[in-house]
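Peer 1: Let me give you the structure first, and then I'll get to my questions.
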Amino acid sequence: MVNYSSHRLHILVLPYPSQGHINPLFQFARRLAGHTGVRCTVAVTRFVASSARPATTGSVHVAVFSDGCDDVGPEGVGGHRRPYFDRLSSAGPESVDWILRSESELGRPVHVVVYDAFLPWAQGVARRHGAACAAFLTQACAVDVLYTHLRASRIPHPPVLREEELPEVMAGLATRLELTDLPTFMVDKNRPPGLLELLMNQFAGLDTVDHVLVNSFHDLEPQEADYLATTWGAKTVGPTMPSVYLGNGLLDDDDASSGIHLQTPMTSECKAWLDDHPVLSVVYVSFGSIASLTSEQMAEVAEGLYRSGKPFLWVVRSTETTKLPANFTKRAKGRGLIVPWCPQLEVLAHPSVGCFVTHCGWNSTLEAISSGVPIVAMPHWSDQPTNAKYVQDVWHVGVRVPPDSEGVMRREEIEMCIRHVMEGKMCKEFKTRALEWSKKAKKAMSKGGSSDVNILDFLSNSARLDF
Ligand code: UDX
Numbered sequence: 021m022v023n024y025s026s027h028r029l030h031i032l033v034l035p036y037p038s039q040g041h042i043n044p045l046f047q048f049a050r051r052l053a054g055h056t057g058v059r060c061t062v063a064v065t066r067f068v069a070s071s072a073r074p075a076t077t078g079s080v081h082v083a084v085f086s087d088g089c090d091d092v093g094p095e096g097v098g099g100h101r102r103p104y105f106d107r108l109s110s111a112g113p114e115s116v117d118w119i120l121r122s123e124s125e126l127g128r129p130v131h132v133v134v135y136d137a138f139l140p141w142a143q144g145v146a147r148r149h150g151a152a153c154a155a156f157l158t159q160a161c162a163v164d165v166l167y168t169h170l171r172a173s174r175i176p177h178p179p180v181l182r183e184e185e186l187p188e189v190m191a192g193l194a195t196r197l198e199l200t201d202l203p204t205f206m207v208d209k210n211r212p213p214g215l216l217e218l219l220m221n222q223f224a225g226l227d228t229v230d231h232v233l234v235n236s237f238h239d240l241e242p243q244e245a246d247y248l249a250t251t252w253g254a255k256t257v258g259p260t261m262p263s264v265y266l267g268n269g270l271l272d273d274d275d276a277s278s279g280i281h282l283q284t285p286m287t288s289e290c291k292a293w294l295d296d297h298p299v300l301s302v303v304y305v306s307f308g309s310i311a312s313l314t315s316e317q318m319a320e321v322a323e324g325l326y327r328s329g330k331p332f333l334w335v336v337r338s339t340e341t342t343k344l345p346a347n348f349t350k351r352a353k354g355r356g357l358i359v360p361w362c363p364q365l366e367v368l369a370h371p372s373v374g375c376f377v378t379h380c381g382w383n384s385t386l387e388a389i390s391s392g393v394p395i396v397a398m399p400h401w402s403d404q405p406t407n408a409k410y411v412q413d414v415w416h417v418g419v420r421v422p423p424d425s426e427g428v429m430r431r432e433e434i435e436m437c438i439r440h441v442m443e444g445k446m447c448k449e450f451k452t453r454a455l456e457w458s459k460k461a462k463k464a465m466s467k468g469g470s471s472d473v474n475i476l477d478f479l480s481n482s483a484r485l486d487f
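Every position in the sequence shown, counted from 1, becomes a number in the working numbering once 20 is added.
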């Protein structure tokens with residue numbers, strides 16, 4: 021049995037309740053808990069706790085709070101949109117307050133709250149209990165720089181509709197961005213209500229928190245990370261992937277699939293299928309946990325994949341399967357495997373995977389880069405176009421599929437991009453670059469690496485605070 025009194029530092033980690041946020045914060049918690057004397061508790065919503073399978077190891081504890089949608093989750097109130105955000109920010113604070121009170125009564129008071137910047141109200145809760153606060157930004161540094169400029173009105177208020185409205189050079193960015201490279205909520209006239217506000221609110225109170233942490237690494241985004249360091253005192257602490265994938269195993273980190281999965285992984289089937297294919301032959305396709313493609317776009321992806329002639333592993337979430345073209349699953353048999361979810365990190369680490377067709381969610385992008393897998397970028401919304409721009413023009417680890425005038429990425433382009441990354445003149449170069457980035461990601465998280473130093477700094481500062 022763990023002797024709680026031996027823990028000098030108790031950290032509560034609070035992710036926004038979606039897979040793309042739970043993963044980085046949960047893995048960060050594991051990283052912290054790998055240090056002697058640190059106890060970590062991850063708080064998830066009641067809905068997440070009941071629908072996911074919290075496969076945690078001994079090092080991380082799970083607590084449960086209410087988002088006001090205990091039985092139905094976000095989807096029950098229209099998805100990750102304003103009605104859900106309103107419920108979460110109304111029910112969340114009191115419920116998280118209760119966790120802090122209970123932990124205190126049990127003799128293990130929380131000293132630091134690491135909160136997802138999507139939940140800025142957590143700062144008030146932490147302060148009421150005398151705990152220190154760390155805001156955790158889950159997007160790329162580049163995207164945080166953009167939102168910082170927007171907040172300071174250095175970019176015109178959205179929607180920005182004309183190229184000429186953009187400043188020629190934006191401080192803190194490695195490259196010039198065009199309209200099509202900006203986060204969609206900055207250019208989309210019909211953006212869903214509440215989303216841009218949620219993103220901008222991440223920066224509320226950043227000047228009063230004790231720490232600002234970002235899931236990236238310095239070598240990957242040096243200008244961007246330095247800009248955030250100067251503006252917010254931010255520190256890069258990523259990639260927050262399980263250490264087994266970064267070649268620097270932590271104690272108590274032997275279970276690579278440990279995590280909180282909102283979907284059911286299909287480990288054995290995927291693994292057997294991947295094992296059956298030659299090195300670097302497979303195209304892995306996934307559009308993350310939220311993106312919902314139109315049936316038209318799904319058909320283009322299906323045909324593009326088929327025409328590429330490559331074997332493919334395609335994650336089609338159960339809510340998306342009806343959009344697959346009729347008979348496609350049958351037609352693709354023998355060529356492709358379609359699964360509702362998979363252990364993505366394990367797949368990216370598999371030798372048979374040659375490229376990743378991705379929506380460029382930040383976790384997927386960072387995971388591909390850290391695993392040395394070249395990318396075919398098919399951004400869908402939010403921060404994804406900016407990540408795709410960096411993939412192609414800054415990190416040179418792949419290509420972005422150009423959309424047509426209606427915004428649809430057509431089969432011919434998808435096929436061409438896959439061929440370009442898997443067999444074209446540039447194929448070797450993409451792979452070499454990706455492997456170089458992977459090495460740098462591993463270095464950042466290894467002893468003495470930039471992220472490792474920042475994590476230690478965060479821990480030692482936290483331990484020094486007078487509780
Ligand atoms: C969301 C946003 O869409 C994204 O733009 C933002 O940067 C983070 O939050 P999501 O769309 O789910 O996230 O994409 P992503 O950031 O890539 O996160 C998905 C996570 O689910 C990754 O950690 C990935 O490894 C995991 N995953 C995905 C699986 O484990 N299995 C799968 O089959 C698919």
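Each residue gets a CB set at the ideal place from its N, CA and C atoms; glycine is no exception.
Just the C-alpha distance for Asp486 and Ala83, rounded to the nearest angstrom, thanks.
Peer 2: Numbered from its first residue, the sequence shown carries residue 486 at position 466. Numbered from its first residue, the sequence shown carries residue 83 at position 63. For Asp486, the pLDDT reaches just 48, beneath the cut-off of 50, and the residue's location in the model is therefore unreliable, although a value from the coordinates is still provided. Each residue's alpha carbon lies about 25 Å from the other.
Peer 1: With respect to the alpha helix (DSSP H) encompassing Ile438, which residues constitute its N-terminal and C-terminal limits?
Peer 2: As a working mapping, residue 438 is identified with position 418 in the sequence shown. Segment Arg431 to Met442, the alpha helix (DSSP H) holding Ile438.
Peer 1: For Ser236, which three-state DSSP category applies?
Peer 2: On the sequence shown, residue 236 is found 216 positions in, with the first residue counted as 1. Residue state, collapsed to three classes: coil.
Peer 1: Between Arg107 and Gly214, which are expected to be in contact by the criterion C-beta below 8 Å, what is the C-beta distance as a whole number of angstroms?
Peer 2: As a working mapping, residue 107 is identified with position 87 in the sequence shown. As a working mapping, residue 214 is identified with position 194 in the sequence shown. With a Cβ gap of about 12 Å, Arg107 and Gly214 do not count as contacting.
Peer 1: Please state if the CB of Val359 and the CB of Val377 are separated by a distance shorter than 9 Å.
Peer 2: Position 357 of the sequence shown holds residue 377. Position 339 of the sequence shown holds residue 359. Result no, Cβ atoms of Val377 and Val359 do not sit closer than 9 Å.
Peer 1: Write down every uninterrupted run of the alpha helix (DSSP H) in the region 265–344 whose length is 4 residues or greater and which is fully enclosed by it, in chain order.
Peer 2: Counting only runs of 4 or more, we get 287–295 and 315–328.
Peer 1: Should Arg355 go down as buried or exposed, given a rule of 16 or more other Cβ atoms within 10 Å for buried?
Peer 2: Locating residue 355 in the sequence shown gives position 335, where the first residue counts as 1. Classification of Arg355: exposed, given that the 10 Å Cβ count is below 16.
Peer 1: Leaving out the 5 sequence neighbours to the left and right, which residues in its chain are closer than 8 Å to Leu197 when beta-carbon positions are compared?
Peer 2: For this step, residue 197 is matched to residue 177 along the sequence shown. Excluding positions up to five away in sequence, the list reads Leu166, Leu186, Met190, Thr406 and Lys409.
Peer 1: Among the candidates Val335, Thr200, Gln364 and His149, whose CA atom is the shortest distance from the CA of Ser402?
Peer 2: Residue mapping note: residue 402 aligns to position 382 of the sequence shown, counting from 1. If we check each option's Cα against that of Ser402, Thr200 comes out closest.
Peer 1: Are Asp87 and Pro35 closer than 9 Å when you measure CB to CB?
Peer 2: Taking the sequence shown and counting its residues from 1, the one referred to as residue 87 is at position 67. Taking the sequence shown and counting its residues from 1, the one referred to as residue 35 is at position 15. No. Outside cutoff.
Peer 1: Keeping to the same chain, check which residues put their C-beta closer than 6 Å to that of Val234; ignore five residues upstream and five downstream.
Peer 2: Position 214 of the sequence shown, counted from the first residue, corresponds to residue 234. Within the same chain, Val234 has close Cβ partners Leu157, Cys161, Ala254 and Thr256.
Peer 1: Can you name the residues that DSSP bridges to Val229?
Peer 2: Here residue 229 refers to the residue found at position 209 of the sequence shown. Its beta-bridge partners do not exist; DSSP assigns none.
Peer 1: Quick check: the Cα distance between Arg351 and Val321, rounded to an integer number of angstroms?
Peer 2: Here residue 351 refers to the residue found at position 331 when the sequence shown is read from its first residue. Here residue 321 refers to the residue found at position 301 when the sequence shown is read from its first residue. Their backbone Cα atoms lie some 14 Å apart in a straight line.
Peer 1: Can you round the beta-carbon distance between His30 and Val92 to whole angstroms, since I take them to be within the 8 Å contact cut?
Peer 2: For the purposes of this step, residue 30 is taken as residue 10 along the sequence shown, with counting starting at 1. For the purposes of this step, residue 92 is taken as residue 72 along the sequence shown, with counting starting at 1. Actually they do not touch by this definition, with Cβ atoms about 32 Å apart.
Peer 1: Quick one: grab the DSSP three-state call for Cys362.
Peer 2: Position 342 of the sequence shown holds residue 362. Of the three classes helix, strand and coil, the one that applies to Cys362 here is coil, per DSSP.
Peer 1: Taking Arg101 as part of the beta strand (DSSP E), name the residues at either end of that continuous run.
Peer 2: For the purposes of this step, residue 101 is taken as residue 81 along the sequence shown, with counting starting at 1. It is not in any beta strand (DSSP E) - Arg101 carries neither H nor E in the DSSP assignment.
Peer 1: Per DSSP, Leu32 is paired with what?
Peer 2: For this step, residue 32 is matched to residue 12 along the sequence shown. Answer is Thr61 and Val133, bridged to Leu32.
Peer 1: Can you tell me whether Thr19 is helix, strand or coil according to DSSP?
Peer 2: In the structure as shown, the chain begins at 21 and stops at 487. Residue 19 is therefore absent and cannot be evaluated.
Peer 1: When you compare each of Lys353, Val335, Leu313 and Gly374 to Tyr326 by their alpha carbons, which one comes out closest?
Peer 2: As a working note, residue 326 is residue 306 in the sequence shown. Among Lys353, Val335, Leu313 and Gly374, the Cα nearest to that of Tyr326 is on Lys353.
Peer 1: Given the structure, does Asp403 come close to the ligand UDX, in the sense that its CB is under 8 Å from one of the ligand's heavy atoms?
Peer 2: Counted from its first residue, the sequence shown places residue 403 at position 383. Yes, since a heavy atom of the ligand UDX falls inside the 8 Å radius drawn around the Cβ of Asp403.
Peer 1: Since Ala152 and Asp230 are thought to touch, with beta carbons under 8 Å apart, how far apart are those beta carbons, to the nearest angstrom?
Peer 2: In the sequence shown, residue 152 corresponds to position 132, counting from 1. In the sequence shown, residue 230 corresponds to position 210, counting from 1. With 8 Å as the limit, Ala152 and Asp230 qualify as a contact, their Cβ atoms being about 4 Å apart.
Peer 1: Answer yes or no: do His400 and Arg453 have a C-beta to C-beta separation smaller than 9 Å?
Peer 2: As a working note, residue 400 is residue 380 in the sequence shown. As a working note, residue 453 is residue 433 in the sequence shown. The answer is no: Cβ separation not under 9 Å.
Peer 1: The alpha helix (DSSP H) spanning Ile389 covers which residue range?
Peer 2: For the purposes of this step, residue 389 is taken as residue 369 along the sequence shown, with counting starting at 1. Segment Trp382 to Ser391, the alpha helix (DSSP H) holding Ile389.
Peer 1: Taking the alpha-carbon positions, what's the Trp457 to Asn383 distance?
Peer 2: The residue labelled residue 457 in the question sits at position 437 within the sequence shown. The residue labelled residue 383 in the question sits at position 363 within the sequence shown. When rounded, the distance between both Cα atoms is 15 Å.
Peer 1: Report yes or no: do the region 279–299 and the region 38–51 share at least 3 C-beta pairs separated by less than 8 Å?
Peer 2: Yes, the region 279–299 is in contact with the region 38–51.
Peer 1: Can you give the Cα-Cα distance for Ile175 and Trp141, rounded to whole angstroms?
Peer 2: The residue labelled residue 175 in the question sits at position 155 within the sequence shown. The residue labelled residue 141 in the question sits at position 121 within the sequence shown. Going from the Cα of Ile175 to the Cα of Trp141 covers about 26 Å.
Peer 1: Give the straight-line distance between the Cα atoms of Leu226 and Gly150, rounded to the nearest whole angstrom.
Peer 2: Sequence index remark: in the sequence shown, residue 226 carries index 206 (1-based). Sequence index remark: in the sequence shown, residue 150 carries index 130 (1-based). Approximately 17 Å, taken between the alpha carbons.
Peer 1: Can you tell me whether DSSP reads Ala142 as helix, strand or coil?
Peer 2: If you number the sequence shown from 1, residue 142 lands on position 122. Three-state DSSP puts Ala142 in a helix.
Peer 1: Counting Cβ pairs, one atom from each stretch, are 3 or more of them under 8 Å apart for the region 233–247 and the region 428–443?
Peer 2: No, the region 233–247 does not touch the region 428–443.
Peer 1: For the candidate residues Pro298, Met318 and Ser124, whose alpha-carbon lies nearest to that of Val428?
Peer 2: One-based indexing of the sequence shown puts residue 428 at position 408. Residue Met318 is the option with its Cα nearest to Val428.
Peer 1: Only counting the same chain, and skipping five residues up and downstream in sequence, which positions put a Cβ closer than 6 Å to that of Arg420?
Peer 2: Counted from its first residue, the sequence shown places residue 420 at position 400. Only Ala397, Ala408 and Gln412 meet the Cβ criterion.
Peer 1: Could you tell me whether any non-hydrogen atom of the ligand FAD is closer than 8 Å to the CB of Glu340?
Peer 2: By its list of ligands, the structure shown excludes the ligand FAD, since it contains just the ligand UDX.
Peer 1: In whole angstroms, what separates the C-alpha of Gly54 from that of Phe48?
Peer 2: Counted from its first residue, the sequence shown places residue 54 at position 34. Counted from its first residue, the sequence shown places residue 48 at position 28. Whole-angstrom Cα-Cα distance: 10 Å.
Peer 1: Provide the residue(s) that pair with Thr256 in DSSP beta bridges, ordered along the chain.
Peer 2: In the sequence shown, residue 256 corresponds to position 236, counting from 1. Partner(s): Val234.
Peer 1: Since Ala461 contacts Ser470 with CB under 8 Å, what's their CB separation in whole angstroms?
Peer 2: Residue numbering aside, residue 461 sits at position 441 when the sequence shown is read from its first letter. Residue numbering aside, residue 470 sits at position 450 when the sequence shown is read from its first letter. That belief does not hold up - the Cβ atoms of Ala461 and Ser470 are roughly 10 Å apart, past 8 Å.
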